[in-house]
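All residue numbers for the sequence shown refer to our numbering, where the first residue is 23 and numbers rise by one.
Below is one structure; the comments refer to it alone.
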Amino acid sequence: MNPTSQSSPSGCPPVSIAGARGDAALRRHLRWMAVGAVSLPYWVAPAADQPVGVGQGLRHRELPATLARVPQTLLAIAHSEEGQREMGVQAETEVGFDEALRKAASGWMRWRNLPEPEQREAIARAETAVVGEVRRRWGGVAAARLRQLELQGQGARAFLRAEVAEHLAITTEQRAKLDTLFQRSDQALGQVRSVGSAGRSQRQAAMVRIRQIESEAARQVLSAGQQSRWIECLGEVRDTSVFERVLPMAPELVDSGVWVDGDRKASLADLRGKVVLLHFYAFQCHNCHANFAIYNRWHQTLRDQGIEVVGVQTPETDDERDVGKVVAAAKKAGFGFPVTVDLKSANWQAWGTTMWPTVYVIDRRGYVRHWWMGELRWKGAQGDQEIERLAKRLSA
23 MNPTSQSSPS GCPPVSIAGA RGDAALRRHL RWMAVGAVSL PYWVAPAADQ PVGVGQGLRH
83 RELPATLARV PQTLLAIAHS EEGQREMGVQ AETEVGFDEA LRKAASGWMR WRNLPEPEQR
143 EAIARAETAV VGEVRRRWGG VAAARLRQLE LQGQGARAFL RAEVAEHLAI TTEQRAKLDT
203 LFQRSDQALG QVRSVGSAGR SQRQAAMVRI RQIESEAARQ VLSAGQQSRW IECLGEVRDT
263 SVFERVLPMA PELVDSGVWV DGDRKASLAD LRGKVVLLHF YAFQCHNCHA NFAIYNRWHQ
323 TLRDQGIEVV GVQTPETDDE RDVGKVVAAA KKAGFGFPVT VDLKSANWQA WGTTMWPTVY
383 VIDRRGYVRH WWMGELRWKG AQGDQEIERL AKRLSA
């Protein structure tokens with residue numbers, strides 16, 4: 023539920039995260055962990071109220087004290103094309119399933135700003151609805167496969183789930199070792215997350231290494247019999263770390279009835295089949311102005327490739343609530359794409375946006391794939407190029 027991008031770097035981590043020296047530093051920081059082969063990827067989410075593995079009978083029962091250590095990403099697995107193929111979703115049923123996913127996770131963009139307990143509860147309800155929809159449409163085998171992918175994604179953190187711990191007969195002593203392991207791993211991950219946009223690729227590589235170390239070490243806490251039972255729960259293993267990051271369906275734009283150019287209006291439903299670059303701005307925002315030329319370039323150079331730009335002007339100041347001034351500012355900026363004036367901030371709230379400017383990438387099926395908060399080129403960042411590469415790939 024965290025932003026995919028941040029526009030302002032926030033410094034470097036206490037340990038190096040690049041190359042062999044970075045690996046050594048991480049292992050020294052986690053020196054009590056056993057370091058071995060790459061283990062399961064680290065996508066995690068709590069289960070809903072159905073069995074997790076085929077024939078395993080694992081129930082949904084989370085331990086409150088450990089809940090925060092089990093991030094929720096079942097929705098990402100269910101929304102991804104790879105996950106849908108694993109569940110047997112066919113091309114002719116995509117549209118219906120997309121609408122079911124839209125309904126189940128309609129508030130996802132807003133939920134990311136809720137306090138964690140409320141956020142987790144809302145997401146858990148959506149996950150339960152999605153699993154139920156999969157079971158209704160494709161049966162128990164498809165729902166069980168989603169469960170297996172969920173467990174695979176959880177990796178070592180799945181051992182914190184009460185039903186998994188019970189199924190594997192994890193002892194109190196083992197639980198204590200796992201708690202210590204995850205605490206120190208979280209500390210290392212926290213250090214790496216302090217790297218800003220300029221070091222994103224190194225940061226992501228370091229986080230993968232930490233998770234691999236953690237997962238292998240956690241498995242070594244288990245006995246041979248426990249490891250065997252764990253493998254049985256997973257079914258055919260897929261590398262969920264390579265599943266494309268797909269977020270829930272984009273909320274439809276709320277039409278305020280006011281557009282900068284009345285002849286240029288847009289709805290996401292009408293743009294289905296195209297990639298949409300949706301940006302929120304306020305015309306008196308200095309940081310927004312830094313992106314204006316990029317939006318114009320996108321509109322001029324990407325439209326022929328099936329990529330559309332749409333603007334949402336959400337006011338912060340009194341002047342930004344003056345439609346005449348908004349229109350004049352947009353024309354001065356040279357905007358040739360549709361711009362809606364979000365007078366009552368209805369779109370701002372529906373999308374859970376918290377910063378001017380913010381850019382969202384929406385794929386051809388209507389899924390949110392990425393977003394960027396702040397200036398696209400802040401202090402050497404290359405957000406515009408990152409978004410262009412993704413948009414072109416999604417439109418191909």
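Just so it is clear, CB atoms sit at the ideal spot from N, CA and C, and this is done for glycine as well.
* Since residue 189 and residue 251 are thought to touch, with beta carbons under 8 Å apart, how far apart are those beta carbons, to the nearest angstrom? -> 7 Å
* Asked: Terminal residues of the continuous alpha helix (DSSP H) containing residue 170?
  -> In the DSSP annotation of this structure, the continuous segment of the alpha helix (DSSP H) that includes residue 170 starts and ends at 162-176.
* CA-CA distance, residue 136 and residue 161? -> Going from the Cα of residue 136 to the Cα of residue 161 covers about 33 Å.
* **N-terminal and C-terminal residue of the alpha helix (DSSP H) that residue 194 is part of** => 194-215
* Nearest-angstrom Cα distance between residue 246 and residue 203? -> If I take the Cα positions, the gap works out to 19 Å.
* To do: Note down, in chain order, each residue of its chain lying with its Cβ closer than 7 Å to the Cβ of residue 314, except the 5 sequence neighbours on either side.
  => 355
* To do: From the DSSP output, in three-state form, read off residue 407 for me.
  => Of the three classes helix, strand and coil, the one that applies to residue 407 here is helix, per DSSP.
* Going straight from the alpha carbon of residue 402 to that of residue 126, what length do you get? -> Approximately 39 Å between the Cα atoms of the pair.
* To do: Give me whichever residues DSSP pairs with residue 362 in a beta bridge.
  => 281 and 334.
* To do: Can you give me the Cβ contacts of residue 144 inside the same chain, cut-off strictly under 7 Å, excluding the 5 residues immediately before and after it?
  => Excluding positions up to five away in sequence, the list reads 129, 133 and 136.
* With 16 other Cβ atoms within 10 Å as the buried cut-off, status of residue 237 -> Answer is buried; the Cβ neighbour count reaches 16.
* To do: Would you identify the three-state DSSP class for residue 259, choosing helix, strand or coil?
  => If DSSP states are grouped into helix, strand and coil, residue 259 belongs with coil.
* **Close Cβ partners of residue 104 (< 6 Å) along its chain, the five nearest in sequence each way excluded** => Within the same chain, Cβ atoms closer than 6 Å to the Cβ of residue 104 are found at 265, the five residues on either side in sequence being excluded.
* **Minimum C-alpha distance to residue 149 - residue among 296, 399 and 172** => 172
* **Span of the beta strand (DSSP E), counted from its first residue to its last, around residue 300** => 297-303
* Between the C-alpha atoms of residue 384 and residue 297, what's the straight-line distance to the nearest angstrom? -> 6 Å
* Taking the C-alpha atoms as reference points, what is the distance between residue 312 and residue 409? -> 16 Å
* Taking all protein chains shown into account, decide if residue 117 is buried (16 or more other Cβ within 10 angstroms of its Cβ) or exposed. => exposed
* Find the nearest neighbour of residue 358 within the set 186, 234 and 286, judged by alpha-carbon distance. => 286
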